[in-house]
Amino acid sequence: MEKDIKLMKGNEAIAEAAIRAGVDAYFGYPITPQSEVIEYLMAEQPEKRTGMVVLQAESEVAAINMIYGAAGAGKRVLTTSSSPGISLMQEGISYIAGAQLPCVLVNVVRGGPGLGTIQPSQADYFQSVKGGGHGDYKLIVLAPASVQESVDFTRLAFDIAFKYRNPVMLLTDGVLGQMMEKVEFFEQQERKKEDEPWATVGKAGRGHRNYITSLFIKPEKMYEVNLELQKKYREVEKNEVRYQEIDTEDADYLFVAYGTTARICQKACQLAREKGIKVGLLRPISLYPYPYDIINKLADKVKGVMVIEMNHGQMVEDVKLAINGKLEVGFMGRSGGIIPTPSEILEALENKFINK
Amino acid sequence: MAKVRGAVEIDIEKCKGCEICINVCPTKTLKMSGAVNSKGYSFAEMINDNCTGCTNCALVCPETIITVYRKKF
Amino acid sequence: MKFGKDIISPENKVFEKTKLLTDEYLHYCPGCGHSVVHRLLMEALEDLNLGDETIGVAPVGCSVFAYHYMDIDMQQAAHGRAPAVATGIKRVMPDKTVFTYQGDGDLAAIGTAETIHACNRGENITFIFINNGIYGMTGGQMAPTTLENMKSSTSPYGRDLKSMGHPLKMTELVANLDGVAYATRQAVHTPALVRKCKKAIVKAFKLQKENKGTTFVEIVTNCNSGWKMRPVQANEWLQKNMIPYYPLGDIKK
């Protein structure tokens, strides 16, 4: 069969991937730099292609609660937004995690805090992997570094979300959302046919009612639910760690970066090797669960680890946790929508570990 | 004219003694018992045999614990 | 002492609890209107034979545990978001019957945007809106529907219209929206009103089944604990004070 290759913007590619992944519904609210997702969906009319529902909500607050409702019905549901919108969704995300509902969220991150800037950023790392909303819960977070991965991870995210009955977030940014790249699409998947046994679809034929709730007023029950969540998170940590190693075999120094900055670090590695400095890259793909073990192992082989982010130091804390004091960890970050260049990154590494 | 007689069964363990049923009973059939249930609530009971089975009490009962019977003679 | 023993037999039964209400002990205060509306709602679904295909959405507030009492599939929503949750459910399952059950704080304060927009889209869902003019669950604070001069724990000297705003007439407000097919205000503090209220709820569900758009049933009820009155006294106060400001009847039919 001929390959289905297109040149597409990241945001639009996610929208197309959602249709092809057999998603049942999309609820969202426009915000830069991700509005192309809903624009593409509205233009594409997926209700005619697959029966997928698309609705522009009155706010991100409403959108995430529509997600809660449709996810509670056991359907495959997607919402996308950007940083301030994701902040608005946090209450709903906490409810979804607490009620153990599967869904996929995409955050096309822009600079903050506050209304911030519409330019790309990685400043929502903490919000995504350390909680964001209230309570002891975890999102499973995937960080694509290309339009191709944005597409592939959209489908993967649904598989993971339903496997664990847990919200999964794709953490991209304004670069990945806006840039055009060559992308190969998977074939159209069928929409789900069977009802989930836990879903609220009407109790017909089941003999008992189902209800979706995150309210457990008795302390013993709330404790029990929290233990159940923690057990699930341990499973996730065992099974879902994803990362990519580039040129780490002979590396004397290691970059750790995800998403857009990982792409830039690849170029910085090349520049370094042209100068005779052997630098490798470890790219976490899953930000939760985080690839602590591989970073710890690589730290035994290198002289220095440099973390590059488009913020002022968030993921670097996880890298330090992984290395646990064995090695000095350098950090270089840019924010405000400023994207670090490969030469800046290399210079930061040199200043930290080589020219000192 | 046919005579109608009624009766009510009250699940007194679930009664919270709000007295709303007593207030809407047209025949003054119901009254608060002097006794209390295991939760400490006083409960409603029939004190007369003049119930017509009109269902007024059951309609307003918040606990849905009144079952009503009616028979024509 | 036992009266009417000879009458009490199955063939003479004229009123019993609907099967769609569970046997769980209701957590509501003595005399609370919530419980009556729970029953009417379940009776309406049973009469229309919709219990197997209905999904209800419970709010935050006194009726947060509604799903314990209603023997149907239900979801518990975040405070004020029931209309959005119901929208999500209905949009992916347009053939199912969907309702929200919300109090005045939930529907008319924190969730006003969700209420207005679900109504404006004409979501084919039914709103059951309990208006008792106070926040019951949190201990009797002022609600958007608290009457002028009415005392609550956050309006201890009475609601002052100038500084606290006016009691919100939600049903009149949503009746103005083109998406709304039916908007009515009912009450359940007398047997006659209970009968009327049930008819209104049945009508709302029938219209939903006919895809007519949003149906909105407000029910003015007591909150005797919040109002600090005995149940019978609270119902009398309701009739005298709440009903003149919130007149009963269909606002849009």
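Respectively, the protein sequence lines represent chains G, A and X.
Residues 272 to 627 in this note's numbering are what the first sequence lists, from first letter to last.
Residues 46 to 118 in this note's numbering are what the second sequence lists, from first letter to last.
Residues 1174 to 1426 in this note's numbering are what the third sequence lists, from first letter to last.
Every residue gets a Cβ at the ideal spot worked out from N, C-alpha and C, and that includes glycine.
Note that the coordinates shown come from a computational prediction; the quantities given were computed from them, not determined experimentally.
Using a CB distance cut-off of 8 Å, Tyr1240(X) counts as an interface residue toward chain G. Taking the Cα of Tyr1419(X) as reference, the smallest distance to any Cα among Pro1203(X), Thr1285(X), Leu1346(X) is reached at Leu1346(X). Per DSSP, reduced to three states, the secondary structure at Glu1296(X) is coil, with no helix or strand assignment. Under the Cβ criterion of 8 Å, Glu1345(X) is not counted among the residues facing chain G. Uninterrupted beta strand (DSSP E) stretches at least 3 residues long and entirely within the stretch 560-586 of chain G occur at 575-580, given in chain order.
In summary, Ile1228(X) is buried, with 16 or more beta-carbon neighbours lying within 10 Å of its beta-carbon over all protein chains present. Residues of the stretch 1376-1398 of chain X with a C-beta atom less than 7 Å from some C-beta of chain G do not occur. As computed with DSSP, Met1243(X) is found in a beta bridge with Leu1194(X). A direct Cα-Cα distance of roughly 52 Å separates Thr97(A) from Ile367(G). About 4 Å separates the beta carbons of Val380(G) and Asp444(G), which is inside the 8 Å limit, making them a contact pair.
Under DSSP, Lys1425(X) takes part in a beta bridge, and its partners are Ala1356(X). For Met91(A), the enclosing beta strand (DSSP E) has its first and last residue at 87-91.
The Cβ neighbour count for Met451(G), taken over all protein chains shown within 10 Å, is under 16; the residue is labelled exposed. Within chain A, the residues whose beta carbon sits less than 7 Å from that of Arg1212(X) are Thr109, listed in sequence order.
Around the beta-carbon of Lys1263(X), 16 or more other beta-carbon atoms lie within 10 Å, marking it buried.
Take Leu592(G), set aside five residues on each side of it, and the residues of its chain with a beta-carbon closer than 7 Å to its own are Tyr563, in chain order. Shortest Cα-Cα distance from Ala1356(X) to any of Ala1217(X), Leu1213(X), Cys1370(X), Asn1305(X) involves Cys1370(X). Against chain X, the CB of Lys73(A) has no partner CB under 8 Å away; the residue lies outside that interface. At a cut-off of 8 Å, the C-beta of Thr1195(X) has no neighbouring C-beta in chain A. For the 8 Å CB-CB criterion, Glu1226(X) and Thr1191(X) do not form a contact.
A contact between stretches requires three or more CB pairs, one per stretch, nearer than 8 Å, and the stretch 1289-1297 of chain X fails this requirement with the stretch 1358-1370 of chain X. In this structure, DSSP gives Arg554(G) an extended state, which the three-state scheme calls strand. Counted as a single uninterrupted DSSP element, the alpha helix (DSSP H) harbouring Arg544(G) occupies residues 530-545.
Val1390(X) sits in a strand when the DSSP states are folded into three classes. Assignment of Pro1203(X) by DSSP, reduced to helix, strand and coil, places it in the coil class. For Lys1192(X), no CB of chain G lies under 8 Å from its own CB, so it is not counted at the interface with that chain.
Using a CB distance cut-off of 8 Å, Thr443(G) does not count as an interface residue toward chain X.
Considering only Pro304(G), Lys453(G), Lys568(G), the residue with the shortest C-alpha distance to Lys274(G) is Lys453(G). Of all C-beta pairs linking the stretch 399-408 of chain G to the stretch 343-352 of chain G, fewer than three are shorter than 8 Å, placing the two stretches out of contact. Nearest C-alpha to Val1233(X) among Thr1299(X), Leu1199(X), Ala1251(X), Thr1327(X): Ala1251(X). Closest in alpha carbon position to Val308(G), among Leu376(G), Ala333(G), Leu359(G), Gly596(G), is Leu376(G).
Closest in C-alpha terms to Asp523(G), from the list Gly547(G), Asp466(G), Leu486(G), Gln361(G), comes Gly547(G).
Under the Cβ criterion of 8 Å, Met337(G) is counted among the residues facing chain X. In terms of Cα proximity to Met323(G), the closest of Asp295(G), Tyr529(G), Tyr311(G), Ala341(G) is Asp295(G).
In this chain, Thr425(G) is not harboured by any beta strand (DSSP E); it is covered by the alpha helix (DSSP H) spanning 418-435. The C-beta of Cys1235(X) comes no closer than 8 Å to any C-beta of chain A.
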